[in-house]
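Participant:
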Amino acid sequence: MTLVARDVAVAYGPRVALEPTSVELLRGELVALVGPNGAGKTSLLKALAGLLPHAGTVSWSGVDVASLEPRARARAIAYLPQTPALHWPLRARELVGLGRLPHRGYGAPPSDADRRATEWALAQTETAELAERGVDGLSSGERARVLLARALAVRAPALLVDEPIATLDPYHQLQVMAMLRAYADGSGTSDDAREPRAALVVAVLHDLSLAARFCTRVLLLDAGKVVDDGRPEVVLSARALERHYRVQPVVTTYEGEPLILPWRRLGR
Amino acid sequence: MTPGGQAVAARAQETGAPWRLSGTLAVVALAAAGASLVIGRTSGGPTFGFGGPDLAPIVLMEIRLPRTLLALLVGGTLGLCGAALQGLLRNPLAEPGLLGASSGAAFGAVLVFYFGLAGADSLALPAGAVVGSLAALAVLYALAGNRGDFLTIVLAGIAINAFAAALTSLALNFAPSPYAALEILFWMLGSLADRSLAHVALALPLMVPGWLLVGAAARGLDALTLGEDTAASLGLDPRRTQWLVIGGTALAVGGAVAVTGVVGFVGLVVPHLLRGRVGHRPSRLLLPSFFGGAVLTSVADIAIRLMPPGPELKLGVVTALLGAPFFLHLIVRARPAGGA
Amino acid sequence: MSSSLSSCANAARRGALACVLGPRARAGLTVALALLVASRPGAAPLPSVASINLCADQLVLTLAAPEQILTVSWLAADPEESVLAAQAARYPLNYGSAEELLRYRPDVVIAGAYTNAFTRALLTRLGYRVVEIEPEESIADIAANLRRVAHAIGRDERGEALAAELAAREQEIAATKPPRAPATVVVRPGGFTVGEHSLADELMKLAGVRNVAAEQGLDRWGSLSMETLLASRPELVVLSGYRASQPSLANAALAHPALRLVRQSQRTAIVPAPYWACGLPASLDSAELLQRAVNP
Numbered sequence: 000m001t002l003v004a005r006d007v008a009v010a011y012g013p014r015v016a017l018e019p020t021s022v023e024l025l026r027g028e029l030v031a032l033v034g035p036n037g038a039g040k041t042s043l044l045k046a047l048a049g050l051l052p053h054a055g056t057v058s059w060s061g062v063d064v065a066s067l068e069p070r071a072r073a074r075a076i077a078y079l080p081q082t083p084a085l086h087w088p089l090r091a092r093e094l095v096g097l098g099r100l101p102h103r104g105y106g107a108p109p110s111d112a113d114r115r116a117t118e119w120a121l122a123q124t125e126t127a128e129l130a131e132r133g134v135d136g137l138s139s140g141e142r143a144r145v146l147l148a149r150a151l152a153v154r155a156p157a158l159l160v161d162e163p164i165a166t167l168d169p170y171h172q173l174q175v176m177a178m179l180r181a182y183a184d185g186s187g188t189s190d191d192a193r194e195p196r197a198a199l200v201v202a203v204l205h206d207l208s209l210a211a212r213f214c215t216r217v218l219l220l221d222a223g224k225v226v227d228d229g230r231p232e233v234v235l236s237a238r239a240l241e242r243h244y245r246v247q248p249v250v251t252t253y254e255g256e257p258l259i260l261p262w263r264r265l266g267r
Numbered sequence: 000m001t002p003g004g005q006a007v008a009a010r011a012q013e014t015g016a017p018w019r020l021s022g023t024l025a026v027v028a029l030a031a032a033g034a035s036l037v038i039g040r041t042s043g044g045p046t047f048g049f050g051g052p053d054l055a056p057i058v059l060m061e062i063r064l065p066r067t068l069l070a071l072l073v074g075g076t077l078g079l080c081g082a083a084l085q086g087l088l089r090n091p092l093a094e095p096g097l098l099g100a101s102s103g104a105a106f107g108a109v110l111v112f113y114f115g116l117a118g119a120d121s122l123a124l125p126a127g128a129v130v131g132s133l134a135a136l137a138v139l140y141a142l143a144g145n146r147g148d149f150l151t152i153v154l155a156g157i158a159i160n161a162f163a164a165a166l167t168s169l170a171l172n173f174a175p176s177p178y179a180a181l182e183i184l185f186w187m188l189g190s191l192a193d194r195s196l197a198h199v200a201l202a203l204p205l206m207v208p209g210w211l212l213v214g215a216a217a218r219g220l221d222a223l224t225l226g227e228d229t230a231a232s233l234g235l236d237p238r239r240t241q242w243l244v245i246g247g248t249a250l251a252v253g254g255a256v257a258v259t260g261v262v263g264f265v266g267l268v269v270p271h272l273l274r275g276r277v278g279h280r281p282s283r284l285l286l287p288s289f290f291g292g293a294v295l296t297s298v299a300d301i302a303i304r305l306m307p308p309g310p311e312l313k314l315g316v317v318t319a320l321l322g323a324p325f326f327l328h329l330i331v332r333a334r335p336a337g338g339a
Numbered sequence: 000m001s002s003s004l005s006s007c008a009n010a011a012r013r014g015a016l017a018c019v020l021g022p023r024a025r026a027g028l029t030v031a032l033a034l035l036v037a038s039r040p041g042a043a044p045l046p047s048v049a050s051i052n053l054c055a056d057q058l059v060l061t062l063a064a065p066e067q068i069l070t071v072s073w074l075a076a077d078p079e080e081s082v083l084a085a086q087a088a089r090y091p092l093n094y095g096s097a098e099e100l101l102r103y104r105p106d107v108v109i110a111g112a113y114t115n116a117f118t119r120a121l122l123t124r125l126g127y128r129v130v131e132i133e134p135e136e137s138i139a140d141i142a143a144n145l146r147r148v149a150h151a152i153g154r155d156e157r158g159e160a161l162a163a164e165l166a167a168r169e170q171e172i173a174a175t176k177p178p179r180a181p182a183t184v185v186v187r188p189g190g191f192t193v194g195e196h197s198l199a200d201e202l203m204k205l206a207g208v209r210n211v212a213a214e215q216g217l218d219r220w221g222s223l224s225m226e227t228l229l230a231s232r233p234e235l236v237v238l239s240g241y242r243a244s245q246p247s248l249a250n251a252a253l254a255h256p257a258l259r260l261v262r263q264s265q266r267t268a269i270v271p272a273p274y275w276a277c278g279l280p281a282s283l284d285s286a287e288l289l290q291r292a293v294n295p
């Protein structure tokens with residue numbers, strides 16, 4: 000099962016956000032979308048999720064996403080926006096439960112599968128102890144994890160998240176990255192532990208160390224184009240970072256894992 | 000409590016609370032309806048009973064029953080549509096009058112008065128109001144379009160309200176006599192007095208489809224809690240939700256205003272009072288708001304009949320007297336509702 | 000007594016029976032019929048009347064036999080609204096709702112054309128006879144409404160009599176017009192005045208005064224700016240106030256300093272609102288009042 004983009008381009012009026020881009024993303028991959036601000040990462044992510052008008056086609060398992068019935072698409076592809084809106088102070092558990100809407104028939108009460116998925120999502124993001132609290136009483140980091148749990152609760156085979164760890168403390172940043180890796184490996188899309196089903200996870204990230212440590216593949220974007228696509232250690236080279244991020248990084252390893260630190264800004 | 004135990008408790012709460020609330024309010028609404036059937040008003044003030052065996056069937060069936068039914072139906076409509084609009088616009092200060100359905104209906108009725116059609120058949124008046132509210136919806140659609148975002152819709156509603164108010168004032172200015180102008184003004188204040196079963200029959204075919212459209216938007220309203228992008232990602236098209244709520248509200252509120260004039264604040268106050276009891280979840284607020292609106296309107300209408308002898312107060316005046324201070328209280332106490 | 004020949008000539012009008020029977024037989028038959036009619040219980044009594052509109056109230060009070068009147072509206076008993084307030088106060092007062100009127104069980108309900116449309120429709124739906132009168136905009140309208148209401152309540156002869164009285168009085172007043180029609184302005188609360196095609200304007204014409212506002216093209220009713228008023232150099236100022244004892248912004252127009260200045264040098268007439276609010280025989284009093292103001 001693959002998510003395939005063919006010649007996908009996004010423009011906001013006259014401004015081109017994403018040049019025609021083709022990419023094939025496979026289940027089991029944890030893909031990092033990296034690049035400087037304004038590179039087109041969010042536009043690509045949203046186009047893949049079927050949420051933006053775009054040129055070209057996006058297909059999931061060979062079927063054009065645009066032709067899918069909205070609920071079928073919602074069950075296949077889960078999406079978490081960069082700054083999720085939250086308009087009513089629901090209890091955290093209820094909020095996470097909203098992730099089950101694509102699975103619930105109209106007017107039907109939540110099924111056991113829905114309840115299990117909600118509890119599982121709360122456990123995965125370590126927010127079970129917050130479940131009974133109203134989300135307006137949570138800190139922004141706690142709220143961010145609850146919102147992520149909502150996206151997990153969909154248990155979709157494709158999970159697209161936009162900067163999921165930006166507001167989290169270091170402990171939870173590591174925890175979430177590990178959790179996303181496990182999700183890609185197959186921890187979550189099925190209740191049945193005997194048949195783990197791998198998932199595709201695509202995450203827009205700014206933390207290059209975490210991207211390098213946890214992700215299996217990196218897409219580097221700059222100025223609306225995918226300039227590199229491959230394994231983290233190859234794509235996130237010092238030269239690439241200097242060229243596209245305009246920073247001089249420290250690229251090294253620690254305990255055998257990559258460690259990338261932006262060190263100094265470079266001139267134009 | 001263990002996570003499993005928590006889940007069980009949550010399940011009970013999730014399915015139980017809104018049904019209990021709706022059930023309680025429905026019972027209260029029935030009680031209010033019962034009182035409304037029994038309480039009347041004559042020259043000497045409030046009366047209890049039906050005024051003698053020969054008059055009783057007429058008084059009960061032709062005077063009390065339509066009034067009672069309309070209080071429930073119109074109040075329910077206003078409560079339901081208020082809750083839906085607040086869910087749609089993600090703002091607890093939204094109200095059915097916002098879209099221009101009420102003022103469009105009022106203007107349609109004014110036109111009927113102006114051309115002197117109202118005297119011929121009092122059903123001409125509601126017919127004009129219905130045409131007015133649907134025209135307002137058509138203008139809204141033309142302004143906002145199929146892909147209109149919420150801000151455009153709200154601004155379009157404000158523009159329609161302003162325009163309808165201006166046209167109504169113009170018609171009043173050119174009214175054939177001061178009596179005609181007064182008749183219009185009194186109608187616009189909102190009242191349930193002396194409505195007949197014919198008016199119930201006129202309003203129901205508009206209200207019921209309106210309710211169904213609004214009800215169909217329930218899940219979409221829940222999804223919109225998380226914003227338009229997330230809602231779309233959950234398979235619930237925000238545009239479809241939007242037009243279900245707007246179309247349903249225009250129909251149902253148009254039908255209501257057509258028969259009763261402009262009754263305000265019920266759609267604002269009722270969802271507000273009940274929101275905390277349903278955990279702020281938009282879909283769970285709809286049915287309780289329907290019954291809550293029915294209760295509030297019935298009680299207000301009964302209160303009117305219990306006043307000391309004199310000309311009857313207008314229902315719209317009473318709801319405004321209750322609602323406007325409540326509205327001010329909301330504004331003073333306003334705090335942002337949990338933005339991310 | 001007419002001869003049998005002329006009775007037969009009239010047969011087409013009164014029916015063939017009048018021709019066949021001789022005069023004595025006819026007289027006997029008439030007496031027998033009268034006895035028969037009078038002996039039936041409730042034989043053709045006057046219909047009971049409820050009135051729910053101020054103008055209708057006053058017409059009913061003028062035309063109906065007292066035992067006919069079940070109720071009139073509460074406005075009719077208010078001297079600020081009604082010319083016949085004292086008379087109206089003798090009857091039960093209603094507030095115009097259908098439920099109230101049901102309890103009176105009227106045979107006929109008299110309403111105005113602009114009385115609450117819902118109440119009128121509900122009463123009609125419940126099978127009551129509802130007779131509506133249009134607001135009176137001329138003296139001819141007064142006569143028409145007199146006849147209409149009289150017919151509705153079974154008092155046709157009284158209606159005709161009052162209409163005849165009205166016409167006669169109209170003639171009398173017309174005969175005593177002043178030699179030269181003085182320019183006249185009418186000032187009502189809120190700066191409103193009366194224009195062409197209104198009852199007040201026709202009464203002014205009858206009195207023999209010139210309505211400046213009507214000459215300037217105002218139709219029926221509208222407002223009059225103080226400047227226009229002054230520029231017209233009125234010789235007679237007519238104040239038609241309403242509830243003068245209650246403070247209101249509208250009444251401030253009647254106390255405008257410019258108006259007071261004019262009144263210092265010109266004549267003033269005060270016509271209480273009830274005389275012009277509804278068209279009644281008593282409305283002609285206002286024409287006489289204007290004539291007396293011009294020619295004291």
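Chains as they are written, first to last, in numbering that gives the first Met the number 0: chain D, 0 to 267; chain L, 0 to 339; chain A, 0 to 295. By construction, the Cβ of each residue, glycine as well, lies at the ideal position given by its N, Cα and C atoms. Everything numeric in this text was worked out from a predicted model, so none of it was measured.
With C-beta atoms as the reference, is R63 of chain L less than 8 Å away from G43 of chain L?
Facilitator: Along the second sequence, read from residue 1 onward, the residue named residue 63 of chain L stands at position 64. Along the second sequence, read from residue 1 onward, the residue named residue 43 of chain L stands at position 44. No, they are not a contact pair.
Participant: List the whole-angstrom C-beta distance separating L219 of chain D from V226 of chain D, where the pair is believed to meet the contact cut-off of C-beta under 8 Å.
Facilitator: Against the first sequence, residue 219 of chain D aligns to sequence position 220. Against the first sequence, residue 226 of chain D aligns to sequence position 227. Right, the Cβ-Cβ distance comes to about 5 Å (below 8 Å), so this counts as a contact.
Participant: Could you check whether L203 of chain L and D300 of chain L sit closer than 8 Å to each other, using their CB atoms as the reference points?
Facilitator: As a working mapping, residue 300 of chain L is identified with position 301 in the second sequence. As a working mapping, residue 203 of chain L is identified with position 204 in the second sequence. No, Cβ-Cβ distance for D300 of chain L and L203 of chain L is not below 8 Å.
Participant: Looking at the structure shown, is L158 of chain D part of a helix, part of a strand, or coil, going by DSSP?
Facilitator: Numbered from 1 along the first sequence, position 159 holds the residue referred to as residue 158 of chain D. In the structure shown, L158 of chain D sits in a strand (DSSP, three-state: E or B).
Participant: Can you tell me the Cα-Cα spacing of A100 of chain L and L133 of chain L, whole angstroms?
Facilitator: Within the second sequence, residue 100 of chain L is the residue found at index 101, counting from 1. Within the second sequence, residue 133 of chain L is the residue found at index 134, counting from 1. Each residue's alpha carbon lies about 7 Å from the other.
Participant: Taking only runs of the beta strand (DSSP E) that begin and end inside the stretch 56-122 of chain L, which ones reach a length of at least 3 residues, in chain order?
Facilitator: For the stretch 56-122 of chain L, not a single whole beta strand (DSSP E) run of length 3 or above is found.
Participant: Would you kindly work out how many angstroms separate the C-alpha atoms of G260 of chain L and L267 of chain L, rounded to a whole number?
Facilitator: Within the second sequence, residue 260 of chain L is the residue found at index 261, counting from 1. Within the second sequence, residue 267 of chain L is the residue found at index 268, counting from 1. Straight-line Cα distance between these residues: approximately 17 Å.
Participant: Which residue marks the beginning of the beta strand (DSSP E) containing I303 of chain L, and which one marks its end?
Facilitator: In the second sequence, counting from the first residue as 1, residue 303 of chain L sits at position 304. Note, I303 of chain L: premise wrong, no beta strand (DSSP E); alpha helix (DSSP H) at P281 to R304.
Participant: Cutting at 7 Å between CB atoms, please list the residues of its own chain near L188 of chain L, excluding the five before and the five after it.
Facilitator: The residue you call residue 188 of chain L lines up with position 189 of the second sequence. Hits under 7 Å: G260, K313, G315 and V316.
Participant: Would you identify the three-state DSSP class for W18 of chain L, choosing helix, strand or coil?
Facilitator: Translated into positions along the second sequence, residue 18 of chain L becomes position 19. W18 of chain L: helix per DSSP, three-state reduction.
Participant: Report the neighbours of A108 of chain L on chain A: residues whose CB is nearer than 9 Å to its CB, in chain order.
Facilitator: Reading the second sequence from its first residue, position 109 is the one you call residue 108 of chain L. Residues of chain A passing the Cβ test: none, with the nearest at roughly 10 Å.
Participant: So which residues on chain L does A48 of chain D lean against when the C-beta distance must stay under 8 Å?
Facilitator: Here residue 48 of chain D corresponds to residue number 49 of the first sequence, with the count starting at 1. Going along chain L in sequence order, the residues near A48 of chain D (Cβ under 8 Å) are S232.
Participant: Counting only runs that start and end within the stretch 141-216 of chain L, where is the alpha helix (DSSP H) found for 4 or more residues in a row?
Facilitator: Whole alpha helix (DSSP H) segments, 4+ residues: 149-172, 177-187 and 196-215.
Participant: Taking 8 Å as the CB-CB cut-off, is T118 of chain A touching chain L?
Facilitator: As a position in the third sequence, residue 118 of chain A is number 119, starting the count at 1. Interface residue, yes.
Participant: Determine the direct distance from the alpha carbon of P69 of chain D to that of L179 of chain D, and round the result to whole angstroms.
Facilitator: Numbered from its first residue, the first sequence carries residue 179 of chain D at position 180. Numbered from its first residue, the first sequence carries residue 69 of chain D at position 70. Straight-line Cα distance between these residues: approximately 25 Å.
Participant: In terms of residues, what are the limits of the alpha helix (DSSP H) holding R132 of chain D?
Facilitator: Translated into the one-based positions of the first sequence, residue 132 of chain D becomes position 133. That residue, R132 of chain D, is in no alpha helix (DSSP H); it is neither H nor E in DSSP.
Participant: Flag N115 of chain A as yes if its beta-carbon sits less than 8 Å from any beta-carbon of chain L, otherwise no.
Facilitator: In the third sequence, the residue the question calls residue 115 of chain A occupies position 116. Taking Cβ atoms only, chain L reaches closer than 8 Å to N115 of chain A, which makes this a yes.
Participant: What are the residues of the stretch 27-61 of chain L that lie near chain A, defined by any Cβ-Cβ distance shorter than 7 Å?
Facilitator: The residues in question are G39, R40, T41, S42, G50, L54, I57, V58 and E61.
Participant: For chain A, find out if any of its Cβ atoms is closer than 8 Å to the Cβ of P324 of chain L; answer yes or no.
Facilitator: Indexing the second sequence from 1 puts residue 324 of chain L at position 325. No, because no Cβ of chain A sits closer than 8 Å to the Cβ of P324 of chain L.
Participant: Let me know the alpha helix (DSSP H) ranges lying completely inside the stretch 20-57 of chain D, each 4 residues or longer, listed in chain order.
Facilitator: Listed in chain order, they are 40-48.
Participant: May I have the straight-line CA-CA distance separating E256 of chain D from R212 of chain D, to the nearest angstrom?
Facilitator: Looking up residue 256 of chain D in the first sequence gives position 257. Looking up residue 212 of chain D in the first sequence gives position 213. Those two C-alpha atoms are separated by around 6 Å.
Participant: Quick one: measure Cβ to Cβ for V82 of chain A and Y241 of chain A, integer angstroms, because I've assumed they're closer than 8 Å.
Facilitator: Counting from one through the third sequence, the residue named residue 82 of chain A turns up at place 83. Counting from one through the third sequence, the residue named residue 241 of chain A turns up at place 242. In fact, because the Cβ distance is near 14 Å, the residues do not count as touching under 8 Å.
Participant: Assign L17 of chain D to one of two classes, buried (16 or more other C-beta atoms within 10 Å of its C-beta) or exposed (fewer than that).
Facilitator: As a first step, residue 17 of chain D must be located in the first sequence, where it is residue number 18. Looking at its Cβ environment, which holds 16 or more other Cβ atoms inside 10 Å, L17 of chain D is buried.
Participant: Hey, out of L:F49, L:A128 and L:L69, whose CA is closest to R249 of chain L's CA?
Facilitator: The sequence position of residue 249 of chain L within the second sequence is 250, counting from 1. As written in the sequence, residue 249 of chain L is Ala, which differs from the Arg given in the question. Checked all of L:F49, L:A128 and L:L69; the closest Cα to A249 of chain L is L:A128.
Participant: Grab me the residues of G221 of chain A's own chain with a C-beta within less than 8 Å of its C-beta, minus the 5 sequence neighbours each way, in chain order.
Facilitator: Position 222 of the third sequence, counted from the start, is the residue given in the question as residue 221 of chain A. Within the same chain, G221 of chain A has close Cβ partners F191, T192, G194 and A212.
Participant: Contact criterion: CB-CB distance below 8 Å. Does Y178 of chain L meet it with respect to chain A?
Facilitator: Position 179 of the second sequence, counted from the start, is the residue given in the question as residue 178 of chain L. So yes, Y178 of chain L belongs to the interface.
Participant: Should P78 of chain A be flagged as near chain L, meaning a C-beta pair shorter than 8 Å?
Facilitator: In the third sequence, counting from the first residue as 1, residue 78 of chain A sits at position 79. So no, P78 of chain A is outside the interface.
Participant: Quick one: what's V129 of chain A bridged to in DSSP?
Facilitator: Residue 129 of chain A sits at position 130 when you count from the first residue of the third sequence. For V129 of chain A, which the question treats as bridged, DSSP gives the partners A:V108.
Participant: Could you tell me which chain D residues have their CB closer than 9 Å to the CB of T224 of chain L, listed as they occur along the chain?
Facilitator: For the purposes of this step, residue 224 of chain L is taken as the residue at position 225 of the second sequence. Per Cβ cutoff of 9 Å: A84, L85, H86, W87, L89, L94 and L97.
Participant: List the endpoints of the continuous alpha helix (DSSP H) containing K204 of chain A.
Facilitator: As a position in the third sequence, residue 204 of chain A is number 205, starting the count at 1. Counting along the chain, the alpha helix (DSSP H) containing K204 of chain A begins and ends at L198 to A206.
Participant: Using a Cβ cut-off of 8 Å (strictly closer), state whether N210 of chain A contacts chain L.
Facilitator: As a working note, residue 210 of chain A is residue 211 in the third sequence. No - not a single Cβ of chain L is within 8 Å of the one on N210 of chain A.
Participant: Tell me the rounded alpha-carbon separation between E128 of chain D and G136 of chain D.
Facilitator: Translated into the one-based positions of the first sequence, residue 128 of chain D becomes position 129. Translated into the one-based positions of the first sequence, residue 136 of chain D becomes position 137. About 13 Å.
Participant: Does any C-beta atom of chain A lie closer than 8 Å to the C-beta of G189 of chain L?
Facilitator: One-based indexing of the second sequence puts residue 189 of chain L at position 190. No, G189 of chain L does not count as interfacial toward chain A.
Participant: Kindly indicate if chain L contains any beta-carbon less than 8 Å away from that of Y11 of chain D.
Facilitator: On the first sequence, position 12 is the one that residue 11 of chain D refers to. Not closer than 8 Å to any Cβ of chain L, the Cβ of Y11 of chain D fails to qualify, so no.
Participant: Let me know the secondary structure DSSP gives T44 of chain L once reduced to three states.
Facilitator: Sequence index remark: in the second sequence, residue 44 of chain L carries index 45 (1-based). Before going further, note that residue 44 of chain L is Gly rather than Thr in the sequence given. DSSP places G44 of chain L in strand when its eight states are reduced to three.
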